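Have a look at the structure below before the remarks.
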Ligand code: TYM
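In the UniProt record's numbering, the protein residues as written are 34 to 378.
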């Protein structure tokens with residue numbers, strides 16, 4: 034039996050990178066799941082607090098995210114859909130795992146390293162100075178490991194940028210198992226696997242040397258799941274490509290063009306090499322117009338559904354409440370075992 038767990042931060046409406054790199058895969062896994070597979074999808078509010086958040090906006094982003102996940106097809110009768118902050122077992126397990134986590138492992142996380150680098154540029158000093166960064170940002174991957182391990186998950190569908198965090202989760206599961214399996218007890222945690230989506234890394238439309246992200250200041254660099262068809266059209270028309278004639282798939286020397294091909298292939302559920310063949314003798318204008326149609330086709334259903342349910346407050350609250358109870362019931366068995374094994378039961 035598989036236990037599938039994944040999460041997303043409630044920091045605004047998700048973009049096409051979130052969707053193609055993770056969310057669409059959640060829906061696929063839900064569709065193909067066996068009867069006794071367990072699926073859990075979480076809106077991770079505690080993770081969002083590692084960066085400054087306006088409380089009113091965070092509150093409404095959490096509701097947006099719940100509505101988006103329902104709108105793309107996460108089915109609360111099939112999957113456990115819940116807010117991370119409704120289940121305190123995550124923070125309890127996070128503390129216990131923190132006490133088993135070597136600092137060196139956290140220092141090697143690329144997400145931490147890029148935060149350090151950014152703060153160094155800002156202060157224009159050469160010395161590495163982490164005094165302005167909060168401790169939550171540093172221990173963030175431990176909370177992520179706790180999210181996964183609280184349910185003894187076996188599979189974690191995420192984009193490539195999260196891969197290193199899943200490897201850390203495996204390490205921490207293994208450390209716990211080795212530290213706390215006395216008297217021939219079987220290991221408590223399975224080592225969860227990273228599940229890759231076909232388009233694990235969608236790039237920024239404005240700067241194809243970086244990934245599409247929520248935090249980029251340029252809103253034209255990303256397509257949001259709720260963008261209108263004219264917004265989608267304008268953003269793709271303005272996507273940075275190159276001046277090489279013809280269309281070829283070459284992520285290293287033609288990242289912008291290749292990114293459009295990746296998006297087209299993902300939105301039409303086809304192979305990128307096959308897709309590229311159809312554009313051999315065509316230009317960027319033609320490609321962009323087809324990408325626009327394909328993205329619109331994928332997003333129009335979720336957009337309409339989002340508009341329909343976003344303001345159904347009672348409905349959304351009921352879903353969140355039911356999810357929280359189910360999640361807590363599920364993680365209680367793990368936490369009980371964890372407490373016993375560490376001597377805190
Ligand atoms: P978050 O909220 O940044 O992103 C949610 C998911 O979207 C994927 N993603 C992308 N995939 C392809 N191309 C992109 N440009 C792109 N941008 C984002 C991310 O890989 C992710 O799968 N730490 C996590 C949330 C989290 C989590 C967890 C995930 C917390 N606990 C436990 C799995 C299991 C995060 O910040 O994702």
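Where a beta carbon is used, it is the ideal one built from N, C-alpha and C, also for glycine. All figures in this text were calculated on a predicted structure; none of them were measured in a lab.
Query raised in the report: Would you report the Cα separation of residue 35 and residue 153, rounded to the nearest angstrom?
Result: Cα to Cα, residue 35 sits roughly 43 Å from residue 153.
Query raised in the report: Does the Cβ of residue 53 lie closer than 7 Å to at least one heavy atom of the ligand TYM?
Result: Under cutoff, so the answer is yes.
Report task. Less than 8 Å between the CB atoms is what I'm expecting for residue 130 and residue 178, so what's the real figure, rounded? Result -> That belief holds up - the Cβ atoms of residue 130 and residue 178 are roughly 6 Å apart, short of 8 Å.
Query raised in the report: What are the residues that DSSP puts in a beta bridge with residue 32?
Result: Outside the shown range of the chain (34 to 378) lies residue 32, about which nothing can therefore be said.
Query - Inter-residue CB distance, residue 76 and residue 56 (contact presumed, cutoff 8 Å) - result: Rounded, the Cβ-Cβ distance is 12 Å, inconsistent with contact.
**Report entry** residue 138 versus residue 123 - alpha carbon distance
**Finding:** Per the coordinates, the alpha-carbon of residue 138 lies some 20 Å from the alpha-carbon of residue 123.
Query raised in the report: Cβ-heavy atom distance between residue 118 and the ligand TYM below 7 Å?
Result: No, the beta carbon of residue 118 sits no closer than 7 Å to any heavy atom of the ligand TYM.
Requested in this report: Identify which residue in 199, 353, 46 and 69 has its Cα closest to the Cα of residue 143.
Outcome: Closest by alpha carbon: 199.
**Report entry** Beta-carbon proximity list for residue 231, same chain, < 7 Å, skipping 5 on both sides
**Finding:** Closer than 7 Å at the Cβ level, and outside the excluded window around residue 231, lie 299.
Query raised in the report: Which whole-angstrom value describes the C-beta separation of residue 255 and residue 249, a residue pair presumed to lie in contact below a C-beta threshold of 8 Å?
Result: About 7 Å; that satisfies the 8 Å criterion.
**Report entry** residue 62 vs residue 223 beta-carbon contact at 8 Å
**Finding:** Their beta carbons are not under 8 Å apart, which means residue 62 does not touch residue 223 by this criterion.
Requested in this report: Whole angstroms is fine: what's the gap from residue 217's alpha carbon to residue 370's?
Outcome: Approximately 15 Å between the Cα atoms of the pair.
Requested in this report: In angstroms with no decimal places, state the Cα-to-Cα distance between residue 241 and residue 297.
Outcome: A straight-line Cα-Cα distance of about 16 Å links residue 241 and residue 297.
Report task. Could you tell me if residue 277 is buried or exposed, where buried requires 16 or more neighbouring beta carbons within 10 angstroms of its beta carbon? Result -> Residue burial is scored here from C-beta neighbours: residue 277 has fewer than 16 other C-beta atoms within 10 angstroms and is therefore classed as exposed.
Query raised in the report: So, using beta-carbon positions, are residue 49 and residue 305 closer together than 8 Å?
Result: The answer is no: Cβ separation not under 8 Å.
Query raised in the report: Buried or exposed: residue 97, going by 16 or more other Cβ atoms within 10 Å of its Cβ?
Result: Under this definition residue 97 is a buried residue.
Query raised in the report: Are there three or more Cβ pairs, one per stretch, closer than 8 Å when the segment 351-358 is compared with the segment 108-117?
Result: Enough Cβ pairs lie closer than 8 Å, so yes.
Query - Straight-line Cα distance separating residue 82 from residue 148 - result: Going from the Cα of residue 148 to the Cα of residue 82 covers about 15 Å.
**Report entry** Boundaries (first-last residue) of the alpha helix (DSSP H) holding residue 209
**Finding:** Run containing residue 209: 196-212, per the alpha helix (DSSP H) assignment.
Report task. State the DSSP-derived secondary structure class of residue 249, mapped to helix, strand or coil. Result -> Taken through DSSP and simplified to helix, strand or coil, residue 249 comes out as coil.
Requested in this report: Can you give me the Cβ contacts of residue 210 inside the same chain, cut-off strictly under 8 Å, excluding the 5 residues immediately before and after it?
Outcome: Excluding residues within five positions, the ones whose Cβ falls inside 8 Å are 220, 221 and 222.
Query raised in the report: Tell me, which residues are paired with residue 190 by DSSP?
Result: Paired residue(s): 228.
Query raised in the report: Is it buried or exposed for residue 132, if we count other Cβ within 10 angstroms and need 16 for buried?
Result: By the 10 Å Cβ count, residue 132 comes out exposed.
Query raised in the report: Using the C-alpha atoms, what's the distance from residue 103 back to residue 109?
Result: C-alpha separation (whole angstroms): 8 Å.
Report task. Give a single yes or no on whether residue 248 has its beta carbon closer than 7 Å to a heavy atom of the ligand TYM. Result -> Answer for residue 248: no, Cβ out of range of the ligand TYM.
Report task. Measure from the alpha carbon of residue 127 to the alpha carbon of each residue in 80, 193, 188 and 111, then state which is nearest. Result -> Looking at the Cα atoms, 80 is the closest of the given residues.
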